[in-house]
Structure formats: structure tokens, C-alpha cells
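What follows is one structure encoded as C-alpha cells, with my remarks underneath.
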Amino acid sequence: MTLPIVALAAAAFGVVLASLAIGAREVDSLALERQRVTIEQAIDQFGLSLARELRVQSVWNEGYEKVHAEDLPWLHKYYGTYLNQLLGYDRIYVLSSDDKPVFGFDAQNPDIPSDYAKIAPGLSDLVAAMRARSPNLPADNVLNTEISLGQGYKVHHRAVADVRSIDGRPTTVVVSTIVPDHAPPDQIEARPYLLVAIEDIDTAFTKQLGDNFGFHDLRWVNSDTPRGSDTEVVRAANGAIVGTLAWAKDRPGLDFMLRAAPGLLLALLPIALLTYLLIVWGKRQLRRILESEQDATRAARTDALTDLPNRVALRERLGLMLDAARENSSTVAVVSVDLDHFKGINDAFGHAIGDSVLKACARRLEGLVGDDCLVVRPDGDSFAIVAPGVSNTGVTQLASRVIEELTEPFDVGGTRVFVSASVGYALGLRDGDTGDELMRRAELAVGKAKEESDSVAVAFAPDMDAEVTYRLMLETALRAAVADEAIEVVYQPLMDASGKRVLAVEALARWTDPDFGAISPDIFIPLAEETGLIQAIGGLVLRRAVNDCKAWPDVSVAVNVSASQIHHGDVVDVVRKALIESRMPAHRLEIEITESVLLTDEKRANEQMRGLQGLGVRVALDDFGTGYSSLQYLRRFGFDKLKIDRSFIDGAGDPRGSSVVLASIIKLGQDLDLTITAEGVETEEQRRWLQAAGCHQLQGFLFSRPLTAAEMIAFIASHQTNRAVAS
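Quick note: the sequence shown, position 557, residue 1232 per this note's numbering, numbers continuous.
This is how it looks when you write it as C-alpha cells:
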């Protein structure tokens, strides 16, 4: 009996093992097919997302007029540089109504007109699709949008996206008609101009595709299949081969069978018992795998601290909500919330209290909305609320309630904590028809709310996009100007109290851009401080000032130094090198600093100031009177000069009391044995009062506007001549 039973068990084992092998092969085949379909759909969806992204640039009255006027500088800036730097396109072309290229831009060679003729044959079917009423392309590749022109007139905007091989590289190509967003239909040509945008499907995109969908070592390969890899030949809509994607083989069926085989070998039991055990074991394993996947999926989409959905979940669910709103002609509102100065809470009370405040904020925000809304913590001290189906008035009210709710104090761990928040919001599909675009614009509104600092929720407005674009282009231009040393230096004289003798000059940075024109220092100096360019600009101004000053005997030169230069660089070393290179005596150089330098890091500021004075350089406190602790700093630091802010000079000689404060400041400086300089002197009456009050130096438009170095030579010479004649 034993042998038949063993044989029967062995036969049963063999049957089960064979069944597992067959099943594993089928599972692996289905997994491979699903992976291939996923890749095709991901690439197609990427192309369609680019086509939707370009709708803003191709449905635009100004764009429509400029392409028909073939305004090449405009096209280079807003279709070339803008689409490349902001949206990442590698090549951009504009085709006329007869499909001839009127503009081309290649990111690798931005200053050389791109040769469209070389790639035109490979894109001819896409261009033809924009001209045909029934394009010979799959419907999924074509977007057709009806644009309202007002007064009942409409125009159709069309776009097509497909994957192509250009210069041997896989790319996504979008061809879109260029139409106005409001114009009489009799002014619209029957054959519109076309915008052709090309983006390489590069290594970064391929890696992101692999990470998003679980493909290991996803990469483009030649026709030879790498060992141990699965492949998918990517084809264009016209059937042409674009390239081959390969990834490491994933065999879930085989892995399962290999794990099951040891259990089967040890389970040579009667068929019924063996079958029962296999069913129980198989169900347990499957349940464990499913639970593990669900836990991993949940953890990847949940913020660990607040248990709210995170940014990954936000992108997924916001996209679904926008799709539903698109189908139902509804809306989706995004309210973005940033807690102001939250680092101060952590510094003051500790991170445990800070974490408790974040949890409490999350619970309050959840209490404001219904189950159909989504409360998210994307990162750090920011939150977001996604509310479907609300009106413009409704989202305004919701944003205001968020501010009111968060301003109520929090009692956590026996500590009462006060929080303020900046809130901005955007409404889809009006302000954006993709999740990323809607979130970006809500966050732009938050930035504007932080600037205004009046505890009022701010709605997204189109000019915010323009501000961001302008700032980015201005930053790019400033970096180029600094690299080319195109920052100019002008000088304003500091006169003696009589206004007849030039005692010193102040060096001032000026910037004129070929495209933007003259840029105010109030704009480009803060931008330089934010981007770290202030170190280079400060060094440039210092070097030119000490070199130009050599042409002005017996005249000192004053150079402003920012807080960033003091706290993030070594001003003493920079000044030492400039003096050595120029061979200018140190006593003829003055360094001007403002009180904000002292407020940031008093110890560092004191070290740098003492180091400068150790070189023989004089140090002046600029804009005195605008801070909160100026008298305290005058007592603590050994300044050589005091420059009174121009806001006090308007009151010079005013009998109603303004001049009393000004006279007190002058007397204070005299008691401390400081050189007193008054800025912003514009009238002869002010000069006479300041002279009588005991000011040593005067500066302002009464004497001169800022001058170039050459003009300053003539100015100093004329005052020396006048002084000689007067004597």
C-alpha cells in the first residue's frame, strides 16, 4: 500500500507542479503584456499633456498677431526662450499657412536658426493632420477644442501629439494651430499658422516612467535585446519605429512557483490533504501579498505625521476630480495654505509642540469641509484643500474661513500657541485644466498673500504668472549681466556744508539691459541678494570705485555693503585685495552698512567691521533713524560716520517740531565725535539749516545727480576752479 500511496502522492505533486508551471507562464505572459500596454499609454498621455500645456501659448491674441507679423524677436523670446526655459521644450518651430518655417529655435544652439527642412519629412503626416478635416491619425492623438471668441463666434483649436524619432533620438512632437482667443471671425485665416514643439524623451523622463510604474532599469536600447530583459518596440502613429525600451524581467508567476515548490516537496500527503493545504497556503500568501501592497500603497500616499493624504495622493486625486469636472462642466477649487514663520514655533517651543500644532491644524481644516473634499499636507508647514463643485464665491468664503480658523489659538501640551497663515486659491478649470497647473497657480496666490501680509486670502490672477515669468527672465538677464560685468557704476558727490567743495563720492550700481531697459536698483539689488549674485556685484562695484577714485585726489569714495556680503562672505578679504590691486590709500575708502546688517548677526557684523577698520578703512552707519535700535548700536559699535536718512531732511528748518528731531540726531553724532552726513538735500533752505546745525557733509540733488566717472572728474575740477576764484 505504501508504494501506491507514494506514487499517487508523487503523481499528484507532479500534476500540481505542472499546473503551477503552466499558470506561472500565463501569469508572466499577462504581466508582460500589461507592462507593454502601460508603457504605450504612458507615452501617449505624456504627449497629450504637452498638447494641453501648449494651449495657453497657441490660443492667444498676441501670439496670433505676432506670428502673422513674423516678429522674430518676439517669437524668440516668447516661443523660443520661454517654452525652453519654463516648459523644457528642446526645439520650437512656427509654420506659415503654406507650411513653410518662419521661425525655428534649437535649445542646443539658441543663437543659430534651426534647420526645419531636415526633420520636416518625418512630421509631414502630423502637419497634414492639422490641415485635414478628418485626419488620418488615431482619435486619441488629436485634441479638438472649441474656443469662444465672444458675441456668439467660435473657432476650433486643434493639436496633435505623437512620438517620433528625430536625429536618432526618441521625442514627443506636438503640432498645434495658432488661433486668437477673441477676434471677429472675418479676421481669422482659413489656414492658420502652426506651432511645432519637440521635447526629447530623455533619460530623466525614462527613469521617472520606470519609477512611477515599477519598471526596473528601464532604458532605450538598440535592436539587440539585452540579456535578462523584456522589450517593447515603440512606434509612431504612422507605424514608423521610434526606438526600443528594455527593462529587467519581472516574473511574478515564476517567483510564486519557486516559493511554492519547497512546500510541495515536503507535502507528499494524500491528494485531498495536499490539495487542502495548498489552497489554504495559497490563499494566505495571496492575502499577505495584497495586504503588503495595500499597506505600501497607503504609506506612499499618506503623511506620516498628520495622517492626511500627501503630495502623491494630491496629484492622483486632483487629476481624477478635474476629469470629472471636465465631463460634468463643473469646477474644482484648490486652496493652498502656508503657515507663517512656523520655524519660530519650533525654535521657541520645540519640535514636539510644533508637530502637535501641525496635527491640530490638520484636524481643524478637516472640520471645515465635507467628505467630498480633500485635505492634504503636501510638505513641511503647508496644507491644501481640494473642493469640487464650488463657485467662485464659495471658494472665497472657504479660504476666508481657513484664515479665521487657524488664527484661533492652539492649546497643545499645556502651551498656548498662536499661528497665522497665508492663503491663496485657484479655481479649475478656469485657472488651470491640469492638477500641476492648478496647484502651481494656487501656490503663486499664496506667494502674493505673503507679500501683502494683511491676513486676506488671495485669488490667483493671470498677472501673477506674468510676474513669475518676468522675474525669471530678469534673473536670467541679471546673471548674464554679472557674468559680462555689464553692471555700471555711477557716483554722487558728498559736499562740505557750504556746498562748494567735494569731500567724497558715493559709488552706486546701475543696470541697463538691452531688452528690459534701465532697471531700478530697488528691483535688481533685492533680486541679486535673493539669488546670491550680490557678492559678485558688490565686488565689481568696489573694484571699479577704488580704481576710479585714483583720478580724484583728496576725495574719498564710499561703497555700500549688504547684509548678505557681510554674513555670507568675507568683506575684509575682498576690500584688502581691492586696495592692494588698486594701490589706493585705505583712509580714502568708506564702507557703508545699514542697521539690518547688525540685526542679522551682531557678532559677525562686529568682527567684519573691526577688520575693515583694522585695514584703515572708515565705516559709516547708513540710513540712520529707519531702524528700531539705532542709538543702541551707535553706543556699542565704533562707527566713523553717521549718515542721516533722507526721510528726516524734509523737516530741516520746520518750526513745527520735525527739525527738533533732526537737530537731536546731529547733536548726538557730534557728542560721539562722528562725521555727520545728511542725505537727500534738495533745497538751498535745507542746506543752510543743516550747515547751521553742524552737519559736516551734504548729499543730494541740490548739488548733483549721480554721474559717470568721466563726468565726476569734470564736476570735481569745476568746483576746485570755483573755490579758487572765490578765494
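Glycine included, C-beta positions come from ideal geometry on N, C-alpha and C.
Just so you know, these numbers come straight off a predicted model, no measurement behind them.
Backbone secondary structure at residue i - three-state DSSP
| i | result |
| --- | --- |
| A1203 | helix |
| P1053 | strand |
| E1386 | helix |
| Y753 | helix |
| A1392 | helix |
| I916 | strand |
| S789 | coil |
| E1181 | strand |
| E1354 | coil |
| G663 | For residue 663 there is no data in the structure shown, the boundaries of the chain being 676 and 1402. |
| D1197 | helix |
| L1208 | coil |
| Q1374 | coil |
| Q1259 | Looking at the sequence shown, residue 1259 is not Gln but Met. Coil. |
| R1219 | helix |
| D1171 | strand |
| F721 | helix |
| G1110 | helix |
| E1265 | strand |
| A1117 | helix |
Close beta carbons around residue i, own chain, < 7 Å, minus the five adjacent residues each side
| i | result |
| --- | --- |
| G1213 | V1236, S1237 and Q1240 |
| S771 | V777 and Y868 |
| P813 | A912 |
| F1199 | L1153 and W1186 |
| G1064 | S1005 and T1006 |
| E1204 | S1237 and S1239 |
Extent of the continuous beta strand (DSSP E) to which residue i belongs
| i | result |
| --- | --- |
| Q732 | Element bounds for Q732: not the beta strand (DSSP E) but the alpha helix (DSSP H), R730 to S733. |
| L1014 | V1007 to L1014 |
| D875 | L869 to D875 |
| Y768 | R766 to L770 |
| W1364 | No beta strand (DSSP E) contains W1364, which is instead part of the alpha helix (DSSP H) from E1359 to A1368. |
| N1235 | S1231 to N1235 |
| H832 | Y828 to I841 |
| E907 | S904 to R910 |
| S1097 | A1096 to G1103 |
| K1316 | K1316 to I1319 |
Same chain only: Cβ atoms within 6 Å of residue i, ignoring 5 sequence neighbours per side
| i | result |
| --- | --- |
| R806 | none |
| G1103 | L997, V1007 and L1113 |
| E1181 | Q1167 and A1233 |
| F1017 | D1056 |
| E1357 | G1375, F1376 and L1377 |
| A1172 | Q1366 and C1370 |
N-terminal and C-terminal residue of the alpha helix (DSSP H) that residue i is part of
| i | result |
| --- | --- |
| G1286 | E1277 to G1289 |
| D1140 | P1137 to A1158 |
| K741 | N736 to A744 |
| S1075 | N1067 to T1082 |
With 16 other Cβ atoms within 10 Å as the buried cut-off, status of residue i
| i | result |
| --- | --- |
| H1394 | buried |
| Y1145 | exposed |
| P785 | exposed |
| S1031 | buried |
| V917 | buried |
| S1304 | Its pLDDT being 49, under 50, S1304 is placed unreliably in this model, and the coordinates cannot settle the point. |
| P810 | buried |
| V712 | exposed |
| E1256 | exposed |
| F1093 | exposed |
| V1272 | buried |
| L989 | buried |
| K829 | exposed |
| R1311 | exposed |
| T1068 | exposed |
8 Å Cβ shell around residue i - same chain, five flanking residues per side excluded
| i | result |
| --- | --- |
| K882 | L893 |
Proximity test, Cβ basis, 8 Å: residue i and chain C
| i | result |
| --- | --- |
| D1108 | You won't find chain C in this structure, because it holds only one protein chain. |
Residue i: CB within 7 Å of a non-hydrogen atom of the ligand SAM
| i | result |
| --- | --- |
| T1350 | Judged by which ligands are present, the structure shown has none, so any question about the ligand SAM falls away. |
query: Using 8 Å as the Cβ pair cut-off and three pairs as the minimum, do the region 838-854 and the region 725-739 touch?
result: In short, these stretches touch, since the Cβ pair count reaches three.
message: Count Cβ pairs between the region 1094-1101 and the region 1119-1133 that sit closer than 8 Å; are there 3 or more?
response: yes
task: Say whether the region 974-983 touches the region 1064-1083, bearing in mind that this needs 3 or more beta-carbon pairs closer than 8 Å, one atom from each stretch.
output: They do not touch, by the three-pair rule.
task: Please confirm if the region 1310-1324 is in contact with the region 1344-1362, defined as three or more CB-CB distances below 8 Å between the two stretches.
output: yes
field: contact_flag[the region 1211-1229, the region 1156-1166] where n(CB pairs < 8 Å) is 3 or more
entry: yes
query: Does the region 1381-1389 come close enough to the region 1335-1349 to have 3 or more Cβ pairs within less than 8 Å?
result: no
message: Quick check: the region 1186-1196 against the region 1244-1260, are at least 3 beta-carbon pairs closer than 8 Å?
response: Output reads no: the region 1186-1196 does not touch the region 1244-1260.
task: Determine, using beta-carbon pairs with one atom in the region 829-847 and one in the region 795-804, whether at least three such pairs fall under 8 Å.
output: yes
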